[in-house]
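Participant: In the numbering used here, the protein residues as written are 78 to 321.
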């Protein structure tokens, strides 16, 4: 038994040495920065979680309000809807790279700096809220109006209709738009790298593009794609679980 364990250990060490030599040969600069890549992955995940947690919650709330105050909504109020609809359209129309510059003073006032992952989450959240709000509105409008009318006829309160009809019946659609939003946020974290936001975007731009190190750009891109694929797989699994 001990001989088998020793043999497996030797095989693993030989494989690790060969893999290390291979990576050092074909992606030398990226291999030198392997520890920074590990830190960049965590920074990207940190920005994702923080932005999706805050931006997703506020976007969901805004999307629900727009749904119920919109035309034929259970709390129809055209003034409120038009104001929110206009704000969503305006902020969705601002390119993210410009939003980064526009919010620089706001970012500094909130977190005390404009550089780093925490600072980058401010404009990412500001961009995520209107994007997700519109996605939520579209998803909830797919809920069968007949179910909503039946709940109203039974005397359900507006809060009950929102929680037990809209959110429950529209859960699958909400998960689909959430997947799109999370993947959009991953793209924004990478774009934030242009202004020192940290994460894999900074690795690709500051460490790769600006120093003409193509292997660093390639590795950063592959890692971002892996995060996107994992995210999509998780949401696909959740969607299958909630489909009727």
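For every residue, glycine included, the Cβ atom is placed at its ideal position computed from N, Cα and C.
Please state whether DSSP places residue 226 in a helix, a strand or coil.
Facilitator: Indexing the chain shown from 1 puts residue 226 at position 149. Residue 226 falls in the helix class under three-state DSSP.
Participant: Rounding to the nearest angstrom, what Cα-Cα distance links residue 323 and residue 277 in this structure?
Facilitator: Lying before the first or after the last residue shown, residue 323 is absent from the chain, which here runs from 78 to 321.
Participant: At what residues does the alpha helix (DSSP H) containing residue 276 begin and finish?
Facilitator: As a first step, residue 276 must be located in the chain shown, where it is residue number 199. Looking at the DSSP string, the run of the alpha helix (DSSP H) that includes residue 276 is 276–279.
Participant: Quick check: the stretch 236–248 against the stretch 258–266, are there 3 or more CB pairs under 8 Å?
Facilitator: With the cut-off at 8 Å, the stretch 236–248 and the stretch 258–266 do not touch.
Participant: Roughly how many angstroms separate the alpha carbons of residue 313 and residue 303, rounded to a whole number?
Facilitator: Counting from one through the chain shown, the residue named residue 313 turns up at place 236. Counting from one through the chain shown, the residue named residue 303 turns up at place 226. Roughly 15 Å between the two C-alpha positions.
Participant: Would residue 283 and residue 251 be called neighbours here (beta carbons separated by less than 7 Å)?
Facilitator: The residue you call residue 283 lines up with position 206 of the chain shown. The residue you call residue 251 lines up with position 174 of the chain shown. Taking 7 Å as the Cβ cut-off, residue 283 and residue 251 do not qualify as a contacting pair.
Participant: From residue 287 to residue 127, what distance separates their C-alpha atoms?
Facilitator: Taking the chain shown and counting its residues from 1, one reaches residue 287 at position 210. Taking the chain shown and counting its residues from 1, one reaches residue 127 at position 50. If you take the alpha carbons of residue 287 and residue 127, they lie about 28 Å apart.
Participant: For the alpha helix (DSSP H) that residue 170 lies in, which residues bound it at each end?
Facilitator: Within the chain shown, the letter at position 93 stands for residue 170. 155–170 is the extent of the alpha helix (DSSP H) around residue 170.
Participant: Is it the case that the Cβ atoms of residue 205 and residue 196 are separated by a distance below 7 Å?
Facilitator: The sequence position of residue 205 within the chain shown is 128, counting from 1. The sequence position of residue 196 within the chain shown is 119, counting from 1. No, these two residues do not count as a Cβ contact at 7 Å.
Participant: Quick check on the DSSP output: the alpha helix (DSSP H) that includes residue 148 runs from which residue to which?
Facilitator: Looking up residue 148 in the chain shown gives position 71. Where residue 148 is concerned, there is no enclosing alpha helix (DSSP H), given that its DSSP letter is neither H nor E.
Participant: Please classify residue 311: is it buried, with 16 or more other beta-carbons within 10 angstroms of its beta-carbon, or exposed?
Facilitator: Residue mapping note: residue 311 aligns to position 234 of the chain shown, counting from 1. Classification for residue 311: exposed.
Participant: Quick one: what does DSSP say residue 305 is sitting in, helix, strand or coil?
Facilitator: Looking up residue 305 in the chain shown gives position 228. Helix, per DSSP.
Participant: Once DSSP output is grouped into helix, strand and coil, what is the label at residue 290?
Facilitator: Position 213 of the chain shown, counted from the start, is the residue given in the question as residue 290. Correct three-state label for residue 290: coil.
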